[in-house]
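Take the sequence shown: its letter number 52 is residue 82 in this note's numbering, and every next letter is one higher.
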Amino acid sequence: MVSILNKPSSLIHEICIEKVDRWKLFKFSESLQQRRSQLLEKKKADQLMAEEVAESARTN
Numbered sequence: 031m032v033s034i035l036n037k038p039s040s041l042i043h044e045i046c047i048e049k050v051d052r053w054k055l056f057k058f059s060e061s062l063q064q065r066r067s068q069l070l071e072k073k074k075a076d077q078l079m080a081e082e083v084a085e086s087a088r089t090n
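Take a look at the structure:
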């Protein structure tokens, strides 16, 4: 079952801050990055379900 993101704030725990020299970089967790990649591949193949379209829109 695919969970649908109701609030963008629910992604806060999936975002990491990494300091490189004097820069602070925002990075997605490995699990979130993998999910975004899965959704992108399905979108390219035109195989997204309605729930996944909504999920994809919320994580972009």
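Positions of the beta carbon are idealized from the N, C-alpha and C atoms, including for glycine.
Length at least 4, wholly inside the segment 39–76: the alpha helix (DSSP H) runs in chain order: Taken in chain order, the complete alpha helix (DSSP H) segments of 4 residues or longer contained in the segment 39–76 are 60–74.
Buried versus exposed call for LEU55 [16 or more other C-beta atoms within 10 Å across all chains shown]: Stepping through the sequence shown from its first residue, residue 55 is reached at position 25. Answer is exposed; the Cβ neighbour count stays below 16.
Proximity winner among ALA75, ILE42, LEU69, relative to GLU81 (alpha-carbon distances): As a working mapping, residue 81 is identified with position 51 in the sequence shown. The alpha carbon of GLU81 has as its nearest neighbour, out of ALA75, ILE42, LEU69, the alpha carbon of LEU69.
Test item: CB-CB of PHE58 and GLU44 under 8 Å: Along the sequence shown, one-based indexing puts residue 58 at 28. Along the sequence shown, one-based indexing puts residue 44 at 14. Cβ distance < 8 Å, so PHE58 and GLU44 count as in contact.
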